[in-house]
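S.K.:
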Amino acid sequence: MEQTYFKKNDVVTITIEDMGSDGEGVGKCQGYPVFVKDAIIGDVAEVKIVKAKKNYAYGRLEKVLKPSSFRVEPKCPFHRQCGGCQIQAMSYEKQLEWKENKIKNNLQRIGGLSGELLDRIMEPIIGMEEPYHYRNKAQYPIGTDKNGKPVAGFYAGRTHSIVANTDCCLGPKENKNILEFILAFMEKHAIPAYDEKNGKGLVRHVLIRTGFATGEIMVCLVINGKTFPKSREFADGLLGLTLEGEKRIVSISVSPNMRNTNVIMGDRAETLWGKPYIEDYIGEIKFRISPLSFYQVNPVQTEKLYRLALEYAGLTGKETVWDLYCGIGTISLFLAKKAKQVYGVEIVPQAIRDAKENAKINQIENAEFFVGKAEEVLPAKFEEERIYADVIVVDPPRKGCDEACLNTMVRMKPERIVYVSCDSATLARDLKYLGENGYEVVRGRGVDQFGHSGHVETVVLMSKAK
Ligand code: SAH
Numbered sequence: 009m010e011q012t013y014f015k016k017n018d019v020v021t022i023t024i025e026d027m028g029s030d031g032e033g034v035g036k037c038q039g040y041p042v043f044v045k046d047a048i049i050g051d052v053a054e055v056k057i058v059k060a061k062k063n064y065a066y067g068r069l070e071k072v073l074k075p076s077s078f079r080v081e082p083k084c085p086f087h088r089q090c091g092g093c094q095i096q097a098m099s100y101e102k103q104l105e106w107k108e109n110k111i112k113n114n115l116q117r118i119g120g121l122s123g124e125l126l127d128r129i130m131e132p133i134i135g136m137e138e139p140y141h142y143r144n145k146a147q148y149p150i151g152t153d154k155n156g157k158p159v160a161g162f163y164a165g166r167t168h169s170i171v172a173n174t175d176c177c178l179g180p181k182e183n184k185n186i187l188e189f190i191l192a193f194m195e196k197h198a199i200p201a202y203d204e205k206n207g208k209g210l211v212r213h214v215l216i217r218t219g220f221a222t223g224e225i226m227v228c229l230v231i232n233g234k235t236f237p238k239s240r241e242f243a244d245g246l247l248g249l250t251l252e253g254e255k256r257i258v259s260i261s262v263s264p265n266m267r268n269t270n271v272i273m274g275d276r277a278e279t280l281w282g283k284p285y286i287e288d289y290i291g292e293i294k295f296r297i298s299p300l301s302f303y304q305v306n307p308v309q310t311e312k313l314y315r316l317a318l319e320y321a322g323l324t325g326k327e328t329v330w331d332l333y334c335g336i337g338t339i340s341l342f343l344a345k346k347a348k349q350v351y352g353v354e355i356v357p358q359a360i361r362d363a364k365e366n367a368k369i370n371q372i373e374n375a376e377f378f379v380g381k382a383e384e385v386l387p388a389k390f391e392e393e394r395i396y397a398d399v400i401v402v403d404p405p406r407k408g409c410d411e412a413c414l415n416t417m418v419r420m421k422p423e424r425i426v427y428v429s430c431d432s433a434t435l436a437r438d439l440k441y442l443g444e445n446g447y448e449v450v451r452g453r454g455v456d457q458f459g460h461s462g463h464v465e466t467v468v469l470m471s472k473a474k
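Residue numbering for the sequence shown follows the numbering used here, starting at 9 and increasing by one per position.
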């Protein structure tokens with residue numbers, strides 16, 4: 009007899025028992041896993057099958073029949089449409105517990121580490137004290153609503169339609185004032201929003217960045233043109249806004265982007281008023297952030313992450329340290345104060361320029377930076393110059409480290425390797441390689457940088473096996 013599988017548009021009742029790597033609920037129906045966005049562990053839900061595959065299906069949450077005890081009232085009315093937050097309807101404590109388990113499961117399943125070892129060495133995840141308003145950077149797409157009025161908001165998950173919302177609860181509260189002023193200004197002067205379908209219109213995105221430690225705010229308009237009309241009146245209006253506490257706008261700019269592309273920013277930014285950058289601090293290190301530069305988006309948790317990496321690095325002032333995937337040199341500069349010498353490697357040339365500049369404004373002279381792929385720069389330097397490391401820190405993108413990079417790290421025989429990771433699955437894969445090549449995991453800890461999303465950072469310390 010042929011087995012009956014569910015098919016598209018079937019409506020089924022499912023108990024959500026687990027969550028997938030992006031924070032989607034997972035339940036079983038006729039023995040097959042069904043992935044349900046917006047469903048939470050513990051929900052009993054009515055689910056409509058939207059895509060039925062051979063061994064699993066995707067469903068849409070139609071109705072929560074019996075809510076999970078971990079359900080909370082989400083702050084944002086748009087959390088289901090918007091692509092930004094996947095698990096806002098789950099209590100923050102449960103989010104942390106889930107992230108912690110996700111790390112452990114990956115290290116066990118992919119990394120081959122024993123549960124007993126993990127229970128012994130994993131320290132409790134570092135969560136946020138305030139899991140809202142933590143982001144220092146937001147890029148709002150600008151569009152036009154059906155009445156022809158300009159709107160700002162966020163892209164609905166996986167689409168380019170804008171969910172109008174000037175009050176995202178992950179960003180600073182005053183962004184709402186700033187955005188509403190910009191929209192009113194566009195309306196008053198009939199400045200059209202960009203329309204990506206026909207390439208017409210002017211304003212594409214608004215970028216707002218805030219230095220949490222300094223209160224400095226940058227506003228940058230991404231425009232489909234070379235100039236912005238009435239820019240003097242625009243700047244005066246922005247500067248006249250009343251903002252909370254010590255916050256103040258110190259940099260207003262435009263970034264021309266005339267291409268038909270998903271890339272948000274243009275190639276350059278032109279200052280309309282004020283400085284071409286804002287400044288901020290992570291710990292005692294000062295950073296100069298221009299509209300185009302990369303900077304960590306959650307500075308409060310980033311400081312905790314870097315302090316942990318620094319602690320794991322165990323520096324006494326005598327060490328030579330390599331910081332691979334160094335970005336604008338944030339970790340390198342953090343380590344430099346406690347090391348003899350730090351070398352950073354990063355693939356993006358502009359980031360290395362920023363790293364050098366950041367070293368200079370902090371009077372740090374024992375940090376040197378190289379542009380290139382870690383998996384090319386490190387082996388080349390090792391073959392040619394027999395470079396040396398007491399400690400190697402890596403902080404790669406989601407795909408993890410290239411094997412050529414790991415291989416060179418092992419051959420350099422550092423005492424310690426500190427692995428900072430934004431994807432515990434690739435972390436686990438790389439730990440396995442390092443484990444098979446003479447290193448053992450000594451400590452590990454999750455740090456939540458992105459509350460309400462499915463992401464979590466992990467820091468792991470490995471030591472040369474005795
Ligand atoms: N450590 C930095 C940045 C980490 S993000 C910080 O904390 O801010 C990862 C960085 O790796 C990015 O800056 C990215 O540009 C860089 N990168 C990506 N692939 C790389 C490669 N193959 N070699 C070197 N750097 C790379």
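Glycine included, every Cβ here is placed at the ideal spot set by N, Cα and C.
1. Looking only at C-alpha atoms, which of E392, C413 and S298 sits nearest to E354?
2. Extract the residue ranges of the beta strand (DSSP E) inside the segment 396-430, only unbroken runs of 3 or more that lie entirely within it.
3. Taking the alpha-carbon positions, what's the M9 to A47 distance?
4. Counting only runs of 3+ residues fully inside the segment 186-237, write out the beta strand (DSSP E) ranges in chain order.
5. Between which two residues does the alpha helix (DSSP H) carrying R315 extend?
6. Nearest-angstrom Cα distance between M417 and V52?
7. Taking its Cβ as the centre, do 16 or more other Cβ atoms sit within 10 Å of V428, making it buried, or is it exposed?
8. Which partner residues does A160 have in the DSSP bridge list?
9. With a 10 Å radius around its C-beta and 16 neighbouring C-beta atoms as the bar for buried, classify D244 as buried or exposed.
10. Between W330 and A397, what straight-line distance do the alpha-carbon atoms span, to the nearest angstrom?
11. Which first and last residues belong to the beta strand (DSSP E) in which E448 is found?
12. Could you check what DSSP says for R240 in three-state terms: helix, strand or coil?
13. Using C-beta distances below 6 Å, list every residue in its chain close to Y303, excluding the 5 sequence neighbours before and after it, in chain order.
14. Check S263 in the structure and name its three-state DSSP category.
15. For the ligand SAH, I want to know if E465 counts as a neighbour, meaning its beta carbon is within less than 7 Å of at least one of the ligand's heavy atoms.
16. On the three-state DSSP scale, how would you describe F377?
17. Helix, strand or coil for I387, going by three-state DSSP, please let me know.
18. So, is the C-beta of K472 closer than 8 Å to a C-beta in chain B?
19. Tell me the residue span of the alpha helix (DSSP H) that contains G253.
20. Along the chain, where does the alpha helix (DSSP H) containing S340 start, and where does it finish?
21. Could you say if the segment 272-279 and the segment 327-347 meet the contact criterion of at least three C-beta pairs nearer than 8 Å?
22. Entirely within the segment 69-133 and at least 4 residues each: give me those alpha helix (DSSP H) ranges in chain order.
23. Please classify D30: does DSSP put it in a helix, a strand, or coil?
24. Can you name the start and end residues of the beta strand (DSSP E) that D46 belongs to?
25. Mind checking which residues open and close the beta strand (DSSP E) that includes R296?
26. Can V467 and R453 be called in contact, C-beta distance under 8 Å?
27. Starting from K472 and walking both ways along the beta strand (DSSP E), at which residues does that stretch end?
28. With DSSP collapsed to three states, give me the class of T269.
29. Report yes if the C-beta of V356 is less than 7 Å from at least one heavy atom of the ligand FAD; otherwise report no.
30. Classify D127: buried if its beta carbon has 16 or more other beta carbons within 10 angstroms, exposed otherwise.
31. Can you check which of these residues, G459, G151 and I372, is closest to K348 by C-alpha distance?
32. Name the two residues that bound the continuous beta strand (DSSP E) containing I286.
33. Only counting the same chain, and skipping five residues up and downstream in sequence, which positions put a Cβ closer than 6 Å to that of G209?
34. What would DSSP say about E10, mapped onto helix, strand or coil?
35. Classify D331 as helix, strand or coil using the three-state DSSP reduction.
M.R.: Let me lay it out:
1. C413
2. 399-402 and 424-429
3. Residue placement at M9 is flagged as unreliable, the pLDDT there being 40, under the threshold of 50; a coordinate-derived value is accordingly withheld.
4. 211-218 and 224-231
5. P307 to A321
6. 48 Å
7. buried
8. I150
9. exposed
10. 6 Å
11. Y447 to V455
12. helix
13. I297
14. strand
15. no
16. strand
17. Contrary to the premise, residue 387 reads as Pro rather than Ile in this sequence. Three-state result, P387: helix.
18. The structure shown contains no chain B, having only a single protein chain.
19. Careful: G253 lies outside any alpha helix (DSSP H) and carries neither H nor E.
20. T338 to A344
21. no
22. 100-117 and 123-129
23. coil
24. Careful: D46 lies outside any beta strand (DSSP E) and carries neither H nor E.
25. I293 to I297
26. yes
27. E465 to K472
28. coil
29. This structure lacks the ligand FAD; its bound ligands are the ligand SAH.
30. exposed
31. I372
32. I286 to I290
33. P200, A201, Y202 and D203
34. Its pLDDT being 42, under 50, E10 is placed unreliably by the model, and the measurement read from it follows with that caveat. Here E10 sits in coil by DSSP.
35. strand
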